[in-house]
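Below is one structure, written out as structure tokens, with a few remarks after it.
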Amino acid sequence: MPALHTLAPMELQTAAPRTPVADCDLCAAFATASAAPRSPFKAGEQLFRQGEPVRLVYRIQKGAVISYRLLSDGRRQVTGFHLPGDFVGLEAGIEHATTAETLSTVHASAMERVELAERAATDSGLVRALWQVTVRAFHRSEDHALILSRQAANERVVAFLLDFAERLGHPEFIDLPMTRQDIADHVGLTIHTVSRTLSQLQTEGLIEARSTRHVRLLQRGRLEAICA
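Everything in the sequence shown is counted per our numbering, starting at 6 for the first residue and increasing by one.
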């Protein structure tokens, strides 16, 4: 199977899919791909598992996907959340480094990686699009590393909320497709600490947690100051 040497490992329908103009070549390739995934996927289905050979690359059209890695001691590390417009499964190696699982009903298009590699070999526009997707994935990994580098629990939780809101276009109300355990495994905290931190932020009047999945950002300036 040809390898995509320029690719690096990646990462709800509350906002329109974010598709920069430069990605049009990649979207067009998926629109004419020969692969036919079982779409839609039900919540809790796996697109692929950690350690499996890389075969398909997915583009999320609707819904949300979580990617995670199981560590040798049995712990789970959530590496990312993928929203409409995101590509999942763009791996540099021959095996998946993570497991990708749907958080809701997910509609996705798919393309065989070998087909994507063959097309990129003769299509400079597709190569540029793949490069830009890879760069954005790298930036997302950097953002995640910055969240994990913060020492205080409130900094990690607030940084996560602000980052997720930015991906959705900075709305005041955020619908979270993931559970608090998912958030905890993503920011390196316990679920108890995440819940306690959200309650504290609500008591301080910075957010309004209407439920475990719905958060309103009341004072964005003060929230941003926490992470400054």
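Cβ coordinates follow ideal geometry from the N, Cα and C atoms, glycine included.
Review point. Assuming Q205 and A214 make a contact with CB atoms under 8 Å, what is their CB distance in whole Å?
Key: At roughly 11 Å, the Cβ-Cβ gap does not stay under 8 Å, so Q205 and A214 are not in contact.
Review point. Do you know whose CA, among T217, S216, L211, lies nearest G226's CA?
Key: Ranking T217, S216, L211 by Cα distance to G226 puts L211 first.
Check your understanding: Where DSSP assigns a beta bridge to T4, which residues make up the other side?
Key -> As shown, the chain starts at 6 and ends at 233. That puts residue 4 outside it, with no answer to give.
Point to revise | Validate contact between the segment 146-158 and the segment 87-102 using beta carbons, cut 8 Å, 3 pairs | key: no
Exercise for review: Figure out for me which residue from H219, L135, S129 has the closest Cα to the Cα of F235.
Suggested key: The question about residue 235 has no answer, for the chain in this structure spans 6 to 233.
Check your understanding: Mapping DSSP to helix, strand and coil, what is P7?
Key -> Residue confidence is low: P7 scores 41 on pLDDT, short of 50, so the model does not pin down where it sits. Its coordinate-derived value is still stated next. Correct three-state label for P7: coil.
Point to revise | Distance between G49 and V70 (C-alpha atoms, nearest Å) | key: Approximately 9 Å between the Cα atoms of the pair.
**Study point:** Close Cβ partners of S109 (< 8 Å) along its chain, the five nearest in sequence each way excluded
**Key:** L17, A48, G68, A69, P182
Exercise for review: Kindly list the residues whose CB is nearer than 6 Å to the CB of F46, restricted to its own chain and excluding five residues on each side of it in sequence; keep chain order.
Suggested key: T107, V111
**Study point:** Identity of the residue in G130, H144, T217, R118 nearest A189 by Cα
**Key:** T217
**Study point:** Whole runs of the beta strand (DSSP E) within the segment 169-232, excluding any shorter than 3 residues
**Key:** Complete beta strand (DSSP E) runs here, min 3: 178-180, 212-214, 219-222.
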